[in-house]
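What follows is one structure encoded as structure tokens, with my remarks underneath.
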Amino acid sequence: MNKNKDVVGEDQSGALMADVARLAGVAISTVSRALANPGRVNEKTRAKINAAAKQLGYTPNAMARGLRVGKSNIIMIILPGSLYYGVSQIIPQVLQSINKSLIQGGYNLMIANLDRDEISERHILDLAFGGSVRGAIILSSKLPEVDGRSLANSGLPIVSMLLDMSDAGLQSVVTNDREAVRDVTAELIRLGHRRFFYLAGPEGNYHDVERYGGVLEALQAAGLPKESVHRSGGRLDYQHGFDIGVQAADDFAELTEKPTAVIATSDDMAISFVSRIKRAGLSIPDDLSVVSFDGSPVCEFSAPPLSTIEQPVEEMGRAAVELLLDAIGQRQNVETLRTVVRSQLILRESIAPPKD
């Protein structure tokens, strides 16, 4: 009889799990439970298991584990941070679209985090490496990494949405940020605007890079210098859009030569900016044209109704789920890692030709 018979059928993860158990001084079943359902193992034991796993470099493959314990029908959604995103409602709309598509595909949605602190990052990785989820959609943020573990190495099918991570080999669903902002800037130039005020997200953020890049491309195409646009913001995250808009109004007031058109990179920024500017006695669009990004329903009911670039969140959600389910079924097309769903400019009363 072959003494290695039982070992031959196991994958490397199973063998390494035994090593972790031996080093931590616990049963293999306890290690398995700690990885799959951390809440069912007391903190002291879990700490010993985590330390042993880190020492041995153990990173269980979620898909291999799924074959042993039965395939999960749970899809993990990883949020960029708190659910509070002002009036833009982009994240809730995305979640609604994804949930609808997943249900139709026979899967359930699980929100893995309500923040992105270290505890949440560990929880996300425990779920991924433990095999209790079948795939992940990450929204507008980088992959979690803690203590040498990265979601990228979990073996889990992953789709990035709202943030292009195709360069890292991940299927990504995005909208045409750069092109959309370039086109609306070109429209403002066509109307006669030559001085612009740009309300920025955090400097270096993918969306800010793309959207500000669109402004610069439009200026270059029109033969205008890049000094034609003044940037405000660049420090706070998009979830602080109201604060960015308020600060931008203060920055605008200090400018000697006032811009005639404002390009805000979120509806929240635009709404708080317009509110403060109107208190100062300026009129929209007579004194200042304003356009924003996101396409939240409240823009239609602002005073005046706000022109905005509407993100196609429903279509993007459907596309992300379709790509993820294809990856789970090993049907993905590796030649098309980047899926672009075009946004739509909705022109309303907040844009007009400049007075001067």
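1 is the number of the first residue of the sequence shown in the UniProt record's numbering; add one for each residue after it.
Glycine residues also receive a C-beta, built at the ideal position from the N, C-alpha and C atoms.
Where residue i falls: helix, strand or coil (DSSP)
i: TYR198; result: strand
i: VAL298; result: helix
i: ARG182; result: helix
i: ASP145; result: As written in the sequence, residue 145 is Glu, which differs from the Asp given in the question. Correct three-state label for GLU145: strand.
i: ILE91; result: helix
i: VAL290; result: strand
i: SER266; result: coil
i: THR45; result: helix
i: residue 437; result: Past the boundaries of the shown model lies residue 437; the chain is included only from 1 to 356, so the question cannot be answered.
i: ASN2; result: Residue confidence is low: ASN2 scores 39 on pLDDT, short of 50, so the model does not pin down where it sits. Its coordinate-derived value is still stated next. Three-state result, ASN2: coil.
i: ASN205; result: coil
i: LEU282; result: coil
i: GLY70; result: Confidence at GLY70 is low in this model, with a pLDDT of 49, below 50, so its placement is unreliable and the value that follows should be read with caution. In the structure shown, GLY70 sits in coil (DSSP, three-state: anything other than H, G, I, E or B).
i: MET17; result: helix
i: ALA352; result: coil
i: ALA303; result: coil
i: GLY329; result: coil
i: ALA128; result: helix
i: TYR212; result: helix
i: ALA222; result: coil
i: LEU191; result: coil
i: LEU23; result: helix
i: TYR238; result: helix
Classification of residue i by the beta-carbon crowding that lies within 10 angstroms, buried from 16 upward
i: LEU199; result: buried
i: ARG256; result: With the sequence shown as reference, residue 256 is identified as Thr, and Arg is not the correct amino acid for it. With fewer than 16 other Cβ atoms within 10 Å, it is exposed.
i: ILE111; result: exposed
i: GLY25; result: exposed
i: GLU300; result: exposed
i: PRO353; result: exposed
i: ASP167; result: exposed
i: VAL69; result: Here VAL69 scores only 45 on pLDDT, less than 50, and its place in the model should not be relied on; the value that follows carries that caveat. With fewer than 16 other Cβ atoms within 10 Å, it is exposed.
i: ILE103; result: exposed
i: ARG211; result: buried
i: GLN239; result: buried
i: SER289; result: buried
i: ARG182; result: buried
i: GLY233; result: buried
i: THR336; result: exposed
i: ASN73; result: exposed
i: SER82; result: exposed
i: ASN113; result: buried
i: ASP177; result: buried
i: LEU67; result: Any reading at LEU67 needs caution, since the residue's pLDDT is 43, under 50, leaving its predicted position unreliable; the model's value is listed next. Answer is exposed; the Cβ neighbour count stays below 16.
i: ARG33; result: buried
i: ALA221; result: exposed
i: MET17; result: buried
i: ARG149; result: buried
i: SER283; result: exposed
i: LEU347; result: exposed
Nearest to residue i (by Cα), restricted to the options the options
i: VAL250; options: GLY281, LEU282, GLY204, PHE273; result: First, the residue type needs correcting, since residue 250 is Asp and not Val in the sequence shown. Closest by alpha carbon: PHE273.
i: SER120; options: SER302, GLU145, ASN42; result: GLU145
i: ARG338; options: ILE346, LEU288, ASP164, LEU114; result: ASP164
i: VAL313; options: ILE90, ALA168, SER32, ALA21; result: ILE90
i: LEU224; options: GLN55, VAL215, HIS207; result: VAL215
i: residue 359; options: GLN311, GLY155, VAL133; result: Outside the displayed range of the chain (1 to 356) lies residue 359, so it cannot be described from this structure.
i: ALA128; options: GLN239, ASN153, SER302; result: ASN153
i: SER140; options: MET161, SER132, ASP126, ARG134; result: MET161
i: LYS258; options: GLU227, LEU236, THR336, GLN239; result: GLU227
i: LYS44; options: LEU56, GLN55, THR30; result: THR30
i: ALA136; options: ALA186, ASP117, HIS230, ASN99; result: ASN99
i: ILE138; options: ARG116, ASP287, VAL290; result: ARG116
i: ARG231; options: SER150, ILE284, ARG195; result: ARG195
i: TYR107; options: VAL133, ARG122, ALA280; result: VAL133
i: ALA280; options: SER101, LEU188, PHE252, ARG149; result: PHE252
i: PHE242; options: SER101, SER275, ASP177; result: SER275
i: SER302; options: ILE271, GLY169, LEU219; result: ILE271
i: VAL340; options: GLU315, LEU347, ASP326, ALA34; result: GLU315
i: LEU345; options: GLU118, ILE328, ARG331, SER307; result: SER307
i: ASP286; options: ALA261, ARG149, LEU79; result: ALA261
i: MET76; options: LEU347, LEU143, LEU23, ASP19; result: LEU143
Beta-bridge pairing of residue i - partner residues as DSSP gives them
i: GLN344; result: GLU310
i: GLY233; result: ALA200
i: VAL159; result: ILE137, GLN171
i: THR339; result: VAL173
i: SER150; result: GLU145
i: LEU109; result: ILE75
i: ALA320; result: According to DSSP, which records beta bridges pairwise, ALA320 is partnered with nothing at all.
i: ALA261; result: PHE196, SER289
Check: Okay, do the stretch 317-324 and the stretch 154-173 touch, 3+ Cβ pairs below 8 Å being the bar?
Finding: yes
Notebook entry, point to check: Any chance the stretch 287-303 sits against the stretch 258-274, with 3 or more Cβ pairs inside 8 Å?
Noted result: yes
Margin query: Counting beta carbon pairs with one atom in the stretch 44-51 and one in the stretch 204-215, are three or more of them shorter than 8 Å?
Written below: no
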